[in-house]
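The structure under discussion appears below in the form of structure tokens.
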Amino acid sequence: MKKVSGFIILAAIASLAGCYKETTFDVKPAIEFKTLRKEIRLDQFSGSKKDSVILTIKFQDGDGDLGLNEKEKAAAELKSDYNYIIRLFRKKKGVFQEFVPDVPYSGYFPRLKSDGKVGPIEGSIDYSVDFPHPFTPVKDSLKFQITIKDRAGNVSNTAESSLIILNEF
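Here the working numbering is used: the first residue of the sequence shown is 4, the next is one more, and so on.
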């Protein structure tokens, strides 16, 4: 009797293990807008207020080649080859229009997988952008379009944020 029940347990475990399917994603990153929040801070140099906007996106990548190490980042900076790309849209007279700042809000995020192994990853990325009040119109209404790029040069889909109002106080 014990042999039969042991066999049934082993068979059940084997069948459950056979049902496990490894997660797979496309090698082209996929992103989704998650949250947008703002924190009012004091600028450490000027002492004036600024809005620090934190954009959070969810991501999936099939081969896990997201992010740059310091050497890769230095090389990318020479070409302004950003891996976190932001397009900014400002609301004017009820219509959103793209606003191209003198200094880009795009930037870089670090490697998300430190073991160097190829394989799927998913998670979220927080990215912060500062808007000093002296240089931001009062009650400025903005939204962002975000894309990311992996080390192979694959560009994700575009995610659009919700509306945020800056320099309210």
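Ideal placement from N, C-alpha and C gives every residue a C-beta, glycine not left out.
So if DSSP puts residue i in a beta bridge, which residue, or which two residues, is it bridged to?
i, result
"Lys146", "Phe92"
"Tyr111", "The partner list for Tyr111 (beta bridge, DSSP) is empty, contrary to what the question assumes."
"Val158", "Lys152"
Tell me, to the nearest whole angstrom, how far the beta carbon of residue i is from that of residue j; I am working on the premise that it is less than 8 Å.
i, j, result
"Lys31", "Ser159", "7 Å"
"Lys146", "Phe92", "5 Å"
"Tyr130", "Leu58", "5 Å"
Return the residue from the list the options that minimises the CA-CA distance to residue i.
i, options, result
"Lys120", "Glu171, Gly65 and Gln100", "Gly65"
"Ser127", "Ala33, Thr27 and Thr26", "Ala33"
"Glu182", "Gln47, Val56 and Gly70", "Outside the shown range of the chain, which is 4 to 172, sits residue 182, and nothing can be said about it."
"Leu94", "Pro140, Ile60, Ser117 and Gln63", "At residue 94 the sequence reads Lys, which differs from the Leu that was named. Ranking the options by Cα distance to Lys94, first place goes to Pro140."
"Arg212", "Thr27, Ser55 and Asp46", "This structure leaves residue 212 out entirely; the chain is present only between 4 and 172."
"Val106", "Ala79, Lys152 and Ile89", "Ile89"
For the beta strand (DSSP E) that residue i lies in, which residues bound it at each end?
i, result
"Ser131", "Ile124 to Pro135"
"Leu169", "Ile167 to Leu169"
Check your understanding: Considering only residues of the stretch 19-105, which uninterrupted beta strand (DSSP E) runs meet the minimum length of 3 residues and lie entirely inside it, listed in chain order?
Key -> Taken in chain order, the complete beta strand (DSSP E) segments of 3 residues or longer contained in the stretch 19-105 are 33-45, 52-64, 87-95 and 98-102.
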